[in-house]
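To keep things clear, I will list the structure first and then write my remarks on it.
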Amino acid sequence: MQQTLEALISKCEHLAFDLQFTHAKNWKRDGSMDDRSPAAHRFLVGYLPIYIPREIIHAMGGLPVGIMGSGDRMQIIKGDAYYQSYICHLPRGVVELALSGALSEFDAFIFPSICDVVRNLSGMFQIFKADAFIKYLDLPQNFLSEVGGAYYRREMETVIEGIQAHLSLAPIPEDLWRERLNHSIRLYNENRALIERIVTLRQEFPWRLSAVDWYCILRSGITMPVEEHNNILYEVEGMLQEERGRPLDNIRVVISGAFCEQPPLGLIKTIELAGCYIVDDDFMLGSRWIEGNIEENTADPMAAIVEAYLQHSTFSASLYEAAPASGTKVERLAELVRRRKADGVVFAAASFCDPALLDRPELQNGLERAGLRTIGFQYSENTGQFKVIKEEVGAFSDSIKLWDAVPEAGGIGDAASSQLVQVWLPTVLDEIDIVA
Amino acid sequence: MSNYYLGIDLGSTTSKAVIINQHDEIIGRGITNTRANYEVASEIARLEAVYNARFSLLKRMLHSELEANPELRRYVSDLEEAFQYLEFRMRADRLYRQLVTTTGEYLSIDNQPKILSALGRIFENAIPEIKEQYLHKNLGSKNQFFRDIFFEQYNHEVTKLESPALFEPLMTVFDKSITPVENEILPLDFAALVHEAMDILEEKYTGFAERQTSTGFAFDEELNLLAGNVRQVSETIKKHIDRIAAQKIDIANMVGTGYGRALLPFPKESIRSEILCHAFGAHISFPETRTVLDIGGQDTKAIQVDAQGFVTSFQMNDRCAAGCGRYLGYIADELGMTLSELGDTATKSEHETTICSTCTVFAGAELRELQNLGVPREDILGGLHKAIVSRAMSLMARSGGVRNEFTFTGGVARNPAVLKYLSQFVFENYGTDITMNVHPDSIFMGALGGAHFARLGVNIELPTAKKSSSVPMMPTMAEELV
Amino acid sequence: MSKIITPPPFLKTAAKAPAAFPSKAGAAKPAEVVKERSMLLQKEMLGDLFHSLTTAKETGRKVVYTFVPGNLSELILAFDMLPVYPEINALQWGMRKKSGQLIRDAEKYGYSEDVCTYVKCDVGMFLNGNIGPTGEKLPPPDLLLLSYTGCFTFLKWFESLQKLYPGVPTAMLHTPYAADGIVTDDMVKYMTRQLEEDVIPKMEQVSGKKFNPEKLAHHLDLAKESEDWIAKLFDLTKQVPSPIDAYFAGVYYIGPINAGFRGAESAVEYYHQLYDEVAARAALGKPPITPEGELEEEKFRLVVEGPPNWTHFREFWKLFYDMGVVVVASSYTKVGGYFDEGFRHEATKPLESLARYCMGCYTNYSLPERINMLEKFIVDYKADGFLINSIKSCNSFSAGQLLIMRELESRLGVPVSFIESDLVDPRYFSYANIKNRLDSFFQMMDQRKRVGGRQPFTRQAPEIASQRVGRASSPDTLLPILQAEGML
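Structure follows, in structure tokens:
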């Protein structure tokens, strides 16, 4: 049994980090229709972090493939030629992939609205990949159904129409479309539910599956059809029912801020090795964007997707905090920490990530006011040096253990602990010339 | 009368000077480390180039004789080494006086006698050792700077004293004394010094004959010949040497360039951007060049040039100096290696480690971490050089790629590991039709381009330059050169 | 007789050209100081605004914090509210060379060194008692009008301000990005719905006034007039020589229209006056005026992309005019609206034209459209070169600029160059570094300009012992050759 899980993890890691997207390309080449496929014409839609409504691509018979950058697994030359040193690392890897031919069989690319860098990257792709359909998906920052909702629906329709026009696909008859989209919604609901169940299981028994292994399993999902990923998740869920490994005296943390440019595996590993169980995080946030289910089997499944976005989006630095009923970002993060029974929050943001870094002071101050302990640092997807992070996170973990062991000595006002929790790491990890 | 043209490249770490004649031939090169005082650095580089030019002219004058007589050829080349030794010794004498002064100023009366006597011993041992290296090991042709040459020996001698109490004060007085000494232009009479050099050679070859007898065996045909008739050889060429020593080297025009060019004591009309100069130097050396990469101490430049050697586009590294010469120097310090060891070690790597951070601030930590993990040093260094080259590749891609012939210039072009990866990357990315040029004088390319601009002189002016009827000259240039 | 014109009071900076960069004798003709009427007007307008802001509490006027790109000046005027533009405060702090400390204070508070320095300067200002750059305390906002056009950071910025001013209502206006180079009816509708459903109701609520469509129409008419003059003004720089510098002086000229006066009577008067003054210069064929007097000769014409640096504005400008370089068109002067191609606010389509205005600001343009616009500038304004000043703070501008540069170079063969600085972080302005690049660029343009008119140089390879290294197919041959040459 254990052997199987390891084999599964290793397969997932391979898929998750295959920068040639072989699995997806093979899927497209295989092309043979299954019963749900709308046409013999399979197609690949690459999408950038964070969230796109993958259901509509799936219902059209395409495969949405997440492009999360090149991590620490590719030498960047062409990508660097287009970016100044003060821009995050993610788009360099994406440009490198585009210009080195790794994305050659992709038919379309979707750039959801995250930040100005990804926004402008969509324009660069209009030049680099003139043979593909390029869509900047401007997710609404207005959450009224008749305003932002109506606009979002049109945005999704332009995706559909654009892909159809680009690939000369016939429009799908309304009844069939409704059926297909409802089916796709069900599959992705299943996917999100499985993810949520495994995260909950891991929260309870974090030693059964390391954060790195879980990350690979989760990330592999953006490279394959959702049906396939659901099968993997079922297997993993089953295997996690049984005891594996043994608990360590680790603290439990939630990671926040790593929603777009993904941290290298080494960084996730480092946090665990430094004595922290990662019980929740915002890695691969797009796969968990909608909280709960999108309404299934409705007469207007597009409307269901829209409403889910408007009402049940998770919180994120890329999304306007309209002070909705579900609370502010600080409140929602604090609530997550409590729900996951975490001891503290690790703010890990990509260097030069404006959304994450601009959110951080208020989140950190807010959590500390709420009595939660935090630590923060920056990384880039190709960071290769973790020693400082390990020491700081280790100190954070030790301070929490110590603090908890002697409750009467503690308290938020405690000098020693508050000094520790306010530890800030150097804010620069890569390529910054510090000016005297 | 011959006219000469001077180019000076005042870089952040080294200052270079090149003199060409009206046939575009290089006749003199000079290099020195750039000190706080840019004026002195450029003047020293210029003087070095002038001395070097006199030896070049001597060789030209004696061209056919040198061809015919190997011992004469050897004599002339040894003469330049001896001359350089004497230059070194002048500065060493000056340093000794400065050390004595500094000792008097900074050390307690009780300590002074011990230090002064130690200094005496150090110089007694160090100077002959360095002389030996000049006369027998071609130290002069290695383009090393006074500070480095002397300090190596000084450090060696201080360690030999085996007196820990003296170590600290000896280092302190050295640190306090070296900079003023480096920043001084020493009055030098070329004719007198070259005659002294001839005396030294006579002593050398006479000594050589004796030494050979005592050690039994050493075969060096030229030296054997010289040992036999050194007096005759020196008599033969003395009059030529005197002529060269007396010859005026008129600098008809000059151009200054480089990082510190704004600080050069030249008229504005004589200052040209280093981008244009490096590109022109590369074009002069390899006329088919269309892409130039220059990695210097402080910055990296990727330049595209046209068939006339004119710049059509260029890119420089951004604010971050990672990947430049300074960065390599920092890494070398970090690992306790010399710069040349750094490149040599890196070429031995077969499995380069991936180095992510070419940031000067963080690379040190990453290196230590990798060392702690037991990664072989050559693989770390291999990865590091690869990372530097990949940055340069990005810069070239930014400037328009690599086209036709590609010429690599600047001090870092002497680093074999950089060359290895650069050629790998260039051929992988731009095809195998690219010709890659590296000039042995690559460090002088900016100065060479400057000298050629000086020769074209009046043809090119700066946007603000007023047309000037007289040829602009550096103040010292108007004086007769010694 | 030429005149030395003092910088308009709007952006009047305490900074003088520092002693380290003495002015070049002969760059400007001796001159007497004469203030153009437009400058007096501008001074008056801004003086009035600041006075109104300082007395807002007593007068009971409501204060709106909002941004320059996609600003809703006419609507603010229609509600008789007073605007505060945090970017303008930040840039004025920068010009007064006092932004550095504010930025460091925000960094101490927890803001990363990596993020936008306008935000940090603003947060720093708040942490220091919200004293504005004029030395007077700014009134707190009654409404945060987050008209977020072309920059995500605006959104984050106002989320921060929401925390700093708890309880102050925010009206959010999401401007869809014109990613495909077109503005669709759906986009317009999305915006007008937001105006109707969120922005106007909040303005009514805060101001206590009912929305008056006629008043808005009145201000839209006035806006149109100002826009006409601005478009004509920036058209004058097509002349050779250009009568003004469209970037360094241009940022002064766009001051009023970007600081809340678009739609005001005074702006119409100002821009009309300004146009007349500049047109008069143009008619005489006069080159631009610099802080040191009239330029002797326009030697090079540039198109510049990207905002200027504010902390060293004068030194930066001087690097150009000392070399006779004039900026004839720039994208930065289009951040508060792009009027060259005929867009005008329209009283007959009030909300629609507000929406279209927001979507037409430069930073809302897609990258290919920015390239097209800049290409047009280079051609129409007869530029000799194209320069990017890449701003660390501003990813909206900066991300992708290197592709813009490459594209323009390959389309037009125009000499291009790239420098880097920041808006208001003095740590990111390296004078030597920028001067080095600009000198090289200007000399390169000079060389290329001359090539057309003179015999190209033909050089022979002289006798230096040259070598060719490695004919590609076997890079390994490199090492043996080098070893043989004694280089290793």
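Just so you know, the protein sequences line up as chains A, B and C, in that order. Per my numbering, residue 635 is the first one in the first sequence, and the count goes up by one each step. Per my numbering, residue 1175 is the first one in the second sequence, and the count goes up by one each step. Per my numbering, residue 49 is the first one in the third sequence, and the count goes up by one each step. Beta carbons are placed, not taken as given, at the ideal position from N, Cα and C, and that holds for glycine.
Give a yes or no on whether the minimum CB-CB distance between K1594/B and chain A is below 8 Å.
-> no
What do you reckon, are the CB atoms on E871/A and L828/A nearer than 8 Å?
-> Between E871/A and L828/A, the C-beta gap is smaller than 8 Å, which places the two residues in contact.
Could you tell me which residues DSSP pairs with V1192/B in its beta bridges?
-> G1181/B and R1203/B
Spatially closest choice to V971/A from F986/A, G680/A, P746/A and G1005/A, by CA coordinates = G1005/A
Of all the beta strand (DSSP E) runs that stay within the bounds of the stretch 1212-1295 of chain B, which reach a length of 3 or more residues?
-> none
Interface positions of the stretch 159-170 of chain C facing chain A (Cβ-Cβ less than 9 Å), listed along the chain | Those residues of the stretch 159-170 of chain C that come within reach of chain A (Cβ to Cβ, closer than 9 Å) are Y159, S160, E161, D162, V163, C164 and V167.
What span of residues does the alpha helix (DSSP H) with Q149/C cover, start to end?
-> S147 to Y157
Quick one: Cα of P805/A to Cα of F655/A, how far?
-> 28 Å
So, are the CB atoms of P304/C and M93/C less than 8 Å apart?
-> Result yes, Cβ atoms of P304/C and M93/C sit closer than 8 Å.
Could you tell me whether the stretch 114-125 of chain C touches the stretch 943-960 of chain A, where touching means 3 or more Cβ pairs closer than 8 Å?
-> They do not touch, by the three-pair rule.
Would you mind reading off the limits of the alpha helix (DSSP H) that contains N816/A?
-> E808 to E838
Alpha-carbon to alpha-carbon, L175/C and A984/A = 26 Å
Burial state of Q503/C (16 or more Cβ within 10 Å) | Note that Q503/C scores 33 on pLDDT, short of 50, meaning its location in the model is unreliable and no value can be drawn from it.
Which same chain residues, not among the five before or five after N1578/B, have their C-beta less than 8 Å away from its C-beta?
-> E1462, T1463, R1464, T1465, I1608 and T1609
Close Cβ partners of I739/A (< 7 Å) along its chain, the five nearest in sequence each way excluded | At residue 739/A the sequence reads Glu, which differs from the Ile that was named. So the list reads K659, K662 and L678, once near-sequence residues are dropped.
Going by CA-CA distance only, name the one from T223/C, S446/C and A331/C that's closest to G408/C.
-> Looking at the Cα atoms, T223/C is the closest of the given residues.
For chain B, find out if any of its Cβ atoms is closer than 8 Å to the Cβ of L450/C; answer yes or no.
-> At a cut-off of 8 Å between C-beta atoms, L450/C counts as an interface residue with respect to chain B.
Cβ-based neighbour list, A227/C, same chain, cut-off 8 Å, excluding 5 preceding and 5 following = S414
Over what stretch of residues does the beta strand (DSSP E) that includes M220/C continue unbroken?
-> T218 to H222
Could you work out which residues of chain A lie near S1564/B, taking near to mean beta carbons separated by less than 9 Å?
-> Q709, I710, I711 and D714
Uninterrupted alpha helix (DSSP H) stretches inside the stretch 987-1050 of chain A (no shorter than 4 residues) | Whole alpha helix (DSSP H) segments, 4+ residues: 988-1003 and 1021-1039.
Report the partner residues of K1350/B according to the DSSP bridge assignment.
-> None; K1350/B has no bridge partner.
Curious, which full-length beta strand (DSSP E) runs of at least 3 residues does the stretch 1540-1627 of chain B contain?
-> As far as the stretch 1540-1627 of chain B is concerned, its whole beta strand (DSSP E) runs of at least 3 residues are 1579-1583 and 1609-1612.
To the nearest angstrom, how far is it from the Cα of D765/A to the Cα of S734/A?
-> 15 Å
Where H1310/B and S1189/B are concerned, what is the direct C-alpha to C-alpha distance, given to the nearest angstrom?
-> 27 Å
Cut-off 7 Å between Cβ atoms - residues of its own chain near E1254/B, not counting five sequence neighbours on either side = F1229 and G1314
R85/C versus K763/A - alpha carbon distance = Cα-Cα distance, rounded: 52 Å.
Anything in chain C within Cβ reach of V980/A, meaning under 9 Å, just list it in chain order.
-> In chain order: nothing, as chain C lies at least about 15 Å away.
Chain A partners of I1529/B, CB-CB under 8 Å?
-> G1018
Outcome for N1611/B when other beta-carbon atoms lying within 10 angstroms are tallied against a minimum of 16 | Buried.
Mind pulling the chain C residues with CB within less than 9 Å of I1449/B?
-> N484, R485, D487, S488, F489, Q491 and M492
V1600/B versus G1018/A: straight-line alpha-carbon distance, rounded = 25 Å
A956/A: contacting residues in chain C (beta-carbon distance under 9 Å) = T218 and M220
Please confirm whether I1200/B and L1622/B have their CB atoms less than 8 Å apart.
-> yes
Which chain C residues sit within Cβ distance under 8 Å of G703/A?
-> Under the 8 Å cutoff, chain C gives no residues; its nearest Cβ is about 14 Å from G703/A.
Going by the beta-carbon positions, is the gap between A265/C and T381/C smaller than 8 Å?
-> A265/C places its beta carbon 8 Å or farther from that of T381/C.
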